[in-house]
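**Q** Here the protein sequences come in this chain order: Z and E. Residue 875, in UniProt numbering, is where the first sequence stops; the numbers in between run on with no holes. Residue 403, in UniProt numbering, is where the second sequence stops; the numbers in between run on with no holes. Backbone N, C-alpha and C define an ideal beta-carbon position, used for all residues, glycine too.
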Amino acid sequence: MNLKTLTLFGFGQFHDQTFHLQAGFNVLLGPNEAGKSTITQFITAILFGFPTKKHPELRYEPLDGSRFGGAIEFEQDDVTYRVTRVDGPRGGKVTLQNLTTDLPLPASQLERLLAPVDAQLFMAVYALNESRLGTVFQASKQALIDRLRHVGAVGSDFWLDQAHALDQTSATRYKPQGRKPTLNQLLAEHAALTAKLTKANAAYQTYLTLREQQTANKRQQTELTTQLHQQRQVTTAKEHLLQAWPVYQQWQALQATPKVAASGFTQADMTTFERLSSQVKAAQTTLQTDQRQLQTLQAHTQLPKLFQAYLAVSDQVTPLFDDLAAVTARDQERNQLLTQKKDLEQRTNDYERQYADANGQMPQAFSLATTQKFKQLQSSLALATQKRHRLQQQLNQANETYRQLRPTRQRQNLLANKQVGWLIAGLVVLVGAMFLPGALIKLIGAAGGVAIGYYGVFIVDGETPVGRELQQLSTEFQDLQAQLREGGQRLDELTTQIDAIGTAHDLDRLPAEQWLAVQRAISDWERLTHQLDQVHQRLTTIDEAQHHFLTQVTTALPTLANQSVAAVVEQLTRLRTTQRQLASQNGELADLSGRLKRDQQALTTAQTARDTFLQTRNVATSGVFYQRYQAAREQGNQQAQRQALADQLGTKRLAQLQQTTQAQVTQDVATAKQTTTNLQHDLDAVTTHLATLAGQLEQLTTSGTQATLRQKLANLETRMQLTARDWLVDRLASQWIEATLEAASGDRFPQIVTQAGDFYAELTENRYTKIELTAATLRVQRADGQWRTVGQLSRGTAEQLDLAVKLAFAVVMQAQAAMPVVIDDGFVNFDAARRQAAYRLLNRVSQQLQVILLTADPAAGTAVADQRVLKLTAN
Amino acid sequence: MKFIHAADLHLDSPFLGLTSLPPAFLTQVQRSTFAAATKIFDRALAEHVDFVLLAGDLFDRAEQSVAAQAYLFDQFNRLNAAQIPVLISFGNHDYATDQHQTLAYPDNVTVFGSQVTTHTLTLASGETVAVSGFSYPQRWVADDVLADYPDHAATDWHVGMLHGAVRSGGPADHYAPFTVAELQAKHYDYWALGHIHHHQLLASDPPIVYAGNPQGRSVKETGARGAYLVTSHGTKLVPEFFPTAAIMWEPVTLDSSATTLVELGQKLVAWLQAHPASQPTLTVLHVTLGQALSASDTAQLTDWVALFQRTQHKVLQTAQREFVRVTVQQAAEPLTAPKLDQTYWKRGGQQVFTVANQQDLLGKLLQEPSLAAWAQDLSPADLKQAATERLNQRLREGGDHES
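Structural data, given as structure tokens:
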């Protein structure tokens, strides 16, 4: 941009004055108070606005009252504009005109045309004067760096101020090491609240523990309830058992009664029996009625008592009437037989008195062979006896002989002995003959016996004594003796045989001689006995018949008992007669008797039925039957009662009762009750604990402490986050500003620094060759390579450094901001040589930028060729 | 067949983003997660549903809330009394630990283990339902769990339960990542998802459904909140959303021509009277002013909001609204600040607004657990926006001060 004309309407000491400028180097030469600073201020004011009225010394309002303001024509990008600024609000009233097209532009366009250069930048970089160059030394090192950075980026001072303000704000929000900033306080509060919440969270563990306990207890409660329920049932069952005990005892007692088999004594039997009995009773009643009727009839007919009895049993008795003749005949025969029997008994008794033994036993009759044999034996015995007798005689003879020959005594003895033997034999025969049957035989036997005895005493007494005969006698004697012995033996043999026969026939009490005679008696006795038997048999038959008859009669008519047959017959005969008489009598009685007969039959039938009924039950009388029936019924009742008791007890309980004792059951009940009580106690304890737990849980869950604290914490965290965010945004905004400034200046910095180095070398006549500018340091390097910091530089040298940097900035930045460089007498502290160098430099720079140098130094006007010099004259 | 699909109950979890609330409202807030969940269980009982699926994040384990546990216990008992089975797959907030196992839920509750298992139910109607799912064993599950889900079982219905997020391909895929195609490949009749708090259908045939959370707990969780009642129609399962939230969140943007705070207050009262909420609503108000406020008003803005809430308590109560936050955006003003080339601002921004720089700045603050998570969610773009606002505000204030 080049300024072409400056028209001052009224500004400071100027009014209605126009300066024409050229594109290159312009020198406005004037002494002090010629208005050099006013011109500089005019350019700034017209382009960027009048300062506020708070600073009137900077406004340069005209002293003569002419119109405040002016106009500047400038050329930019081959277009000429004119900006006119007169007094007005907000820096003055601006009018902008495009002179090339001759069109007015909005005032706001001006700022855009000038951008990015603003008043601040213009004054900092382009409008140079001594005092501004001098600020280098008044400011701190940081300020210098800032300034230089400001130079590096348009408007950076403002932004740096903002960044600084943001940093300050952020510091009130949060400081990493602080305590006062908001966030730091919130963090502290957060820590405290978190600690509180952690404490409250302990309730969670408590809750879990309580809940576990609750679960466990509930399970226990359920179990206990079940157990208790079961136990109660057990207890109840036991108690029922105990209660049932009396019933059980009753049942047992009933069990103890013996069981009687009692068939045929049932209720039905009873009914049948009752029916039968009543039939009998009915029949009896009928009979009695008829009998009474009969009695009434009898009162008229004067019937004997027996007949009345007969009428009742007429059908039994009437057949007997036919037997009456036979009975009478049998009775007579019986009497005859009794007489015969008495006779026969007389005779048999005679025989038995004669021959029967002590026991009354008759001997037995000989058989024919036996008789034969006995007779033979008798005769043999007789022969043997005779022979023996003879021998005895011979012996006696011999003995006599011997006695004669020998002393008497001997003889006497011998003789005596012989006689005695014979006597004895005779006696034996005599006695034996007495036992022979038949008187004749006995007599014969007795005679024989006497004969033997006589022979023995009188005949056998013979003597044959001889001397020498003695020897002979002796021999004879011995021989005789032998024969005698032999005969004796034979005799014994025969006697034995006879005895055997006697014994066999029970005759040994009688002498054998009588035996044959006894044989006849025996046969007679046997015959008699036989006859007696026959009589007896017949008698028995008759007796039986008679007895049968009598029995029949007495059964029918008991009144006839114990009467003789004849009497009975007589009575019956009379009854028959009466009956026959009656039969012919009137029909009424006959009917009645017929009816009585039927009644009797009915009664009999009924009685028979009843008796049969009783007999089949093996019972004699109805009384017994009733007894048995009662017994059976009683038993039935008992059984029913027992069954009822068993039903009442139930099969199971009965079985249980049977397996235990009352004491055991009582003990069980007590135990069960105790267990129930214990369980109940446990359950109560668990229930109570559960209630406590529920209370504790309730308290825990409804306290709301956790939730409140947590929400508080959440709210606090929200505040923390908001604060932190504010802080972060502040910090980021600050950083952003710095980063943007760095970005804006960053790439040009090296260029500016290099260019500034070149310019600085030129200004210092190559005494200093290099500038180093970083965020923290600014230093220069001398030609000998030594580094100097700003503080080590002289004032002029420092001002030259500032000039070099500013010119370098203007040159480097001219593409963006091609503003003219306005220098208001800036080189007062330069020595002549360096001032010349500065002019040369400006001249060179003016090839690229418009340079307006306001100076009082006339040398400036001659220092450079091809220049446009305007003279300002002091008023 | 009928069941309820709910998720993310976040019982007894605090509301986020609140700085202060009137005590009465605070009580409502504290009860709201329970109240919302109760509506779900009430519905389950009223509808006599066959079962209830809870797809994770029933509560926040880290909070160790007694109230949450006690509440669940009571509600499960209610359902147990009605013989309604409850199937739970724990998520990243209520991930199953051994500690949890000690608390025995009622018999009707089935909690899935850390491995995918299938639980088969026989309904009163005789129908059979297989439900496959798993519980998080820890906070993150990065594995591909879908492979463990079986194919459609030989039951009448097969329902998948999954607490997770769709695979993004990024490093944050540690919530049982899946793709919709993977779910569809299982040929289930319904997918009951959890984790994402905004209810939505990822697909409709078969329904792949996020139940959302029953109660919004931050300004990000606006709109209707609830669960799904799923009913069989023929061979299809049809989800029907029902709202449960006890407290609503609503962001409101209000353009106003007010030029002073007094005027703004009047406008707000008028707006409140014209827009009463149907149920308690936490309102986040953003006011855009057509004209900038005076500097003094701007300075008082923060205090004024608090004052407004106190003085207009009755009006707010009548409208069932509570202002959680009020931001006032003023009209952009021509700035007097020296301009720097946009490219420099951009370059500077690129340098400053990075996650690394944020973390560098936050430094020690990141060690605060309560801020670490928040810092995670800070986006450089948002912060840049905020910083721009901040600078603008400063320029406005600065400009006024200078003039």
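For E/T27, tell me which candidate among Z/S734, Z/T40 and Z/T702 has the shortest Cα-Cα distance.
**A** Z/T702
**Q** On the premise that Z/L423 lies in contact with Z/G445, defined as a C-beta separation below 8 Å, what is that separation, rounded to the nearest angstrom?
**A** About 16 Å separates the two Cβ atoms, so there is no contact after all.
**Q** Closest Cβ-Cβ distance between E/Q200 and chain Z: below 8 Å?
**A** no
**Q** Taking Z/L728 and Z/H190 to be in contact with their CB atoms under 8 Å, please state how far apart those CB atoms are, rounded to whole angstroms.
**A** With a Cβ gap of about 17 Å, Z/L728 and Z/H190 do not count as contacting.
**Q** Is E/G17 buried or exposed, if buried means 16 or more other CB atoms sit within 10 Å of its CB?
**A** By the Cβ-count criterion, E/G17 is buried, with 16 or more other Cβ atoms from all chains shown falling within 10 Å of its own Cβ.
**Q** With a threshold of 8 Å between beta-carbons, can Z/N715 be considered close to chain E, or not?
**A** yes
**Q** How far does the alpha helix (DSSP H) with Z/F625 in it extend, from its first residue to its last?
**A** S622 to L649
**Q** Which bits of chain E does Z/M813 rub up against, with CB to CB less than 9 Å?
**A** Chain E residues near Z/M813: none, gap ~12 Å exceeds 9 Å.
**Q** Let me know the secondary structure DSSP gives E/D400 once reduced to three states.
**A** Note on E/D400: pLDDT 44, under 50, position unreliable in the model; no value is reported.
**Q** For E/W271, report the span of its alpha helix (DSSP H) as first-last.
**A** L261 to A274
**Q** Going by Cα to Cα distance, which pick from E/G126, E/L11 and E/L54 is closest to E/T33?
**A** E/L11
**Q** Tell me the DSSP secondary structure of E/F353 in three-state form.
**A** Coil.
**Q** On a CA-only basis, which of E/V49, E/K2 and E/A96 is nearest E/D57? Give me that one, please.
**A** E/A96
**Q** What is the DSSP secondary structure of Z/H229, counted as helix, strand or coil?
**A** helix
**Q** Scan the region 61-82 of chain E for residues whose Cβ lies nearer than 7 Å to a Cβ of chain Z and list them as they occur along the chain.
**A** E63, Q64, S65, V66, A67, Q69 and A70
**Q** Would Z/Y60 pass as a contact of Z/F48 if the rule is Cβ separation under 8 Å?
**A** no
**Q** Tell me, to the nearest whole angstrom, how far the beta carbon of E/T118 is from that of E/A153; I am working on the premise that it is less than 8 Å.
**A** 6 Å
**Q** Using three-state DSSP, classify Z/R788 as helix, strand or coil.
**A** strand
**Q** Taking 8 Å as the CB-CB limit, is Z/Q730 close to chain E?
**A** It is worth fixing the name first, because residue 730 of chain Z is Asp in this sequence and not Gln. It does: the Cβ of Z/D730 has a partner Cβ on chain E nearer than 8 Å.
**Q** Out of Z/Q781, Z/Q814 and Z/Y839, point me to the one whose CA is closest to Z/L803's CA.
**A** Z/Y839
**Q** Beta carbon of residue 878 of chain Z, beta carbon of Z/R173: below 8 Å?
**A** Summary: the structure shown does not reach residue 878 of chain Z, with chain Z confined to residues 1 through 875, and so no result is reported for it.
**Q** Touching or not, the region 239-246 of chain E and the region 298-318 of chain E, by the rule of three or more beta carbon pairs under 8 Å?
**A** no
**Q** Taking only beta-carbon atoms, is E/W249 less than 8 Å away from chain Z?
**A** no
**Q** How is the beta strand (DSSP E) around Z/N98 delimited, first residue to last?
**A** K93 to N98
**Q** So E/E368 contacts chain Z; which residues on that side make the cut at Cβ distance below 7 Å?
**A** L187
**Q** Counting C-beta neighbours from all protein chains within 10 Å, is the total for Z/W787 16 or more, i.e. buried, or is it exposed?
**A** Z/W787 should be labelled exposed.
**Q** Within 10 Å of its beta-carbon, does Z/E57 have 16 or more other beta-carbons around it, so buried, or fewer, so exposed?
**A** exposed
**Q** Which class does E/V252 belong to by DSSP, given the choice of helix, strand or coil?
**A** strand
**Q** Buried or exposed for E/E368, please, with buried defined as at least 16 other CB atoms from any protein chain shown within 10 angstroms of its CB.
**A** buried
**Q** Scan the region 188-204 of chain Z for residues whose Cβ lies nearer than 7 Å to a Cβ of chain E and list them as they occur along the chain.
**A** Answer set for the region 188-204 of chain Z: H190, N201, A203 and Y204.
**Q** Measuring CB to CB, does Z/L494 end up less than 8 Å from Z/L391?
**A** no
**Q** What residue from Z/Q836, Z/T318 and Z/A566 has the CA that sits closest to Z/Q546's CA?
**A** The closest CA to that of Z/Q546, considering only Z/Q836, Z/T318 and Z/A566, is found on Z/A566.
**Q** Would you mind telling me which residues of chain E sit closer than 7 Å to Z/L700, beta carbon to beta carbon, in chain order?
**A** Around Z/L700, the beta-carbon contacts reaching into chain E at under 7 Å are V66.
**Q** So Z/P343 is in the beta strand (DSSP E); what residue range does that whole segment cover?
**A** The sequence as given places Asp at residue 343 of chain Z; Pro does not occur at that position. Counting along the chain, Z/D343 falls outside any beta strand (DSSP E), though it belongs to the alpha helix (DSSP H) covering S314 to Y355.
**Q** Over what stretch of residues does the alpha helix (DSSP H) that includes E/K39 continue unbroken?
**A** P23 to E47
**Q** For the region 339-356 of chain E, which residues have a beta carbon sitting closer than 9 Å to at least one beta carbon of chain A?
**A** This model lacks chain A altogether, as its protein chains are Z and E.
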